[in-house]
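Novice:
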Amino acid sequence: MSTEGTLGVQTHPELNMAAETKSSSSRPVESPARLDVDRLALIRRRDHFKVLVGRFGVLIAFFCTVAVFSALKPHEFLRYDNLRAILIAAAPLAVIAVGLTVVLTMKEFDLSFSAVAGLAAAVAATLMANDGVVWWLAVIAALLAGAAVGFVNSTIVAFAGVTSFIATLAVGTVATGVEYLISGKQTIYQGIPTSFVKIGQGQIAGIDTPVVIAAITLVLGYVLLERSKSGRRMRAVGGNVEAARLAGVRVRRLRSLGFVIVGVAAAGTGIIMSATAATYTPSIAAGLLLPAYAAVFLGSTLAGRFSILGTGLGIIFLGIVQNGLILLGLADAWINIVQGSILAFAVLLSRIGANGA
């Protein structure tokens, strides 16, 4: 029995179902393999973008920063005297950042270097001003003091097995206390010889002495990490400490060397800062802790690892930012805020690049 529709045509449910089945079967259906290929291509494009952001984000930010400050202060920022001031101001940071790069390459931390710099400056200043010691002997004593603190750090970390974060924080606190005992927590500006001041204010072949010292330190750091067996072994320790140990690498000795290098570099930083100011002030390098880590982590985003060349670029980047903010008349509080934000930005880029690699 049939039922007529509005148009007088008989409709059968089974015929409709067959027609729908035929129509749907005629549509192109993507195979699971094709879907997997498309999904894999999307993941690869996303990872490639992450690598580009992680590797070149700092360079893009660097050139954008230069362009912004050049536009806002065109008659001041790009002047020779201002560019020279940037390099001089960045020199002490460069010296300590090289040492910090060595330790971070082995995945260790050092939070004592700013205190060590202050201790070294106190040793040099008190020996010259109070005891009449010739300036170069005072400098050697200061460097030895930095090396001694580095050796203490290495002993606690490499041989006692204490976490470097905690050990260096404790040693840094002790170093600050020793600094205050030596200097009486007093500013020293009398009795500092001119020969010592030339370390921070003099020139060598027409180039400011702090810049020369920083450049030499960067070259030495590059040779150590990139062109020596010790540097390759340090990277092996940072990559997989157990595998490095099984391969015959003397992990403890390398860690000890790294912490001693940081101690000597920190002492050099304290000497440069006090010589530049022709004055010793307590905790003279306390403000370098955050910028040093920011510079090293900024540099690590370029090559995907800690490197001296990357650290050098990070130092220049931070120097430009600080100088530009000062030219704009911003207060020190805002400079600290920007530096902290840059460190967070650098760590974020490093994480993005590592996840994408």
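Sequential numbering of the sequence shown, starting at 434, is according to our numbering. All residues carry an ideal CB built from backbone N, CA and C; glycine is no exception. On a predicted model such as this, the values are computed, not experimentally measured, just so you know.
(1) Have a look at Ala571 and His508 and give me their C-alpha separation to the nearest angstrom.
(2) Closer than 7 Å by C-beta to Val682: which residues in its own chain qualify, once you throw out the five before and the five after it? Chain order, please.
(3) Pop quiz: Ala758 and Phe730 are said to be a contact at Cβ under 8 Å. What is the actual Cβ separation, rounded to whole angstroms?
(4) Measuring CA to CA, which of Leu763, Gly743 and Ala727 is closest to Ser774?
(5) Would you call the CB atoms of Val695 and Phe546 closer than 7 Å?
(6) Sort Phe584, Val684 and Val611 by Cα distance to Thr559 and report the nearest one.
(7) Using a 10 Å radius around the Cβ and a threshold of 16 neighbouring Cβ atoms, would you call Phe692 buried or exposed?
(8) If distances are taken between C-alpha atoms only, which option among Gly752, Ser503 and Leu657 comes closest to Leu690?
(9) Measure the alpha-carbon distance for Ile770 versus Trp568 and round it to whole angstroms.
(10) If you reduce the DSSP assignment to three classes, tell me which class Pro525 lands in.
(11) So if DSSP puts Asp641 in a beta bridge, which residue, or which two residues, is it bridged to?
(12) Mind listing, in chain order, the continuous alpha helix (DSSP H) runs of no fewer than 4 residues lying wholly within the segment 558-637?
(13) Measuring only the C-alpha atoms, how far is Asn563 from Ala557?
(14) Are the Cβ atoms of Ala718 and Ala550 separated by less than 7 Å?
(15) Please classify Glu541: is it buried, with 16 or more other beta-carbons within 10 angstroms of its beta-carbon, or exposed?
(16) Leaving aside the five residues before and after Lys455 along the sequence, list all residues of the same chain whose C-beta is less than 8 Å from its C-beta, in chain order.
(17) Counting beta carbon pairs with one atom in the segment 488-505 and one in the segment 643-653, are three or more of them shorter than 8 Å?
Specialist: Put simply:
(1) A straight-line Cα-Cα distance of about 42 Å links Ala571 and His508.
(2) Result list for Val682: Arg666, Ala669 and Val670, in chain order.
(3) The sequence given here places Leu at residue 758; Ala does not occur at that position. Not really, about 20 Å apart at Cβ, beyond 8 Å.
(4) The option with the nearest alpha carbon to Ser774 is Ala727.
(5) Their beta carbons are under 7 Å apart, which means Val695 touches Phe546 by this criterion.
(6) Nearest C-alpha to Thr559: Val611.
(7) Phe692 counts as buried, since at least 16 other C-beta atoms from the protein chains shown sit within 10 angstroms of its C-beta.
(8) A check of alpha carbon separations from Leu690 across Gly752, Ser503 and Leu657 identifies Leu657 as the nearest.
(9) Spanning the two alpha carbons is a distance of roughly 38 Å.
(10) Reduced to three states, the DSSP call for Pro525 is helix.
(11) According to DSSP, residue pairing for Asp641 in a beta bridge involves Gln636.
(12) Qualifying alpha helix (DSSP H) stretches, in chain order: 568-587, 597-616 and 627-634.
(13) Rounded to whole angstroms, the separation of the alpha carbons of Ala557 and Asn563 is 10 Å.
(14) Cβ atoms of Ala718 and Ala550: closer than 7 Å.
(15) The residue is buried, with at least 16 neighbouring Cβ atoms inside 10 Å.
(16) Confidence at Lys455 is low in this model, with a pLDDT of 48, below 50, so the placement of that residue is unreliable and no value is reported for it.
(17) No, the segment 643-653 does not touch the segment 488-505.
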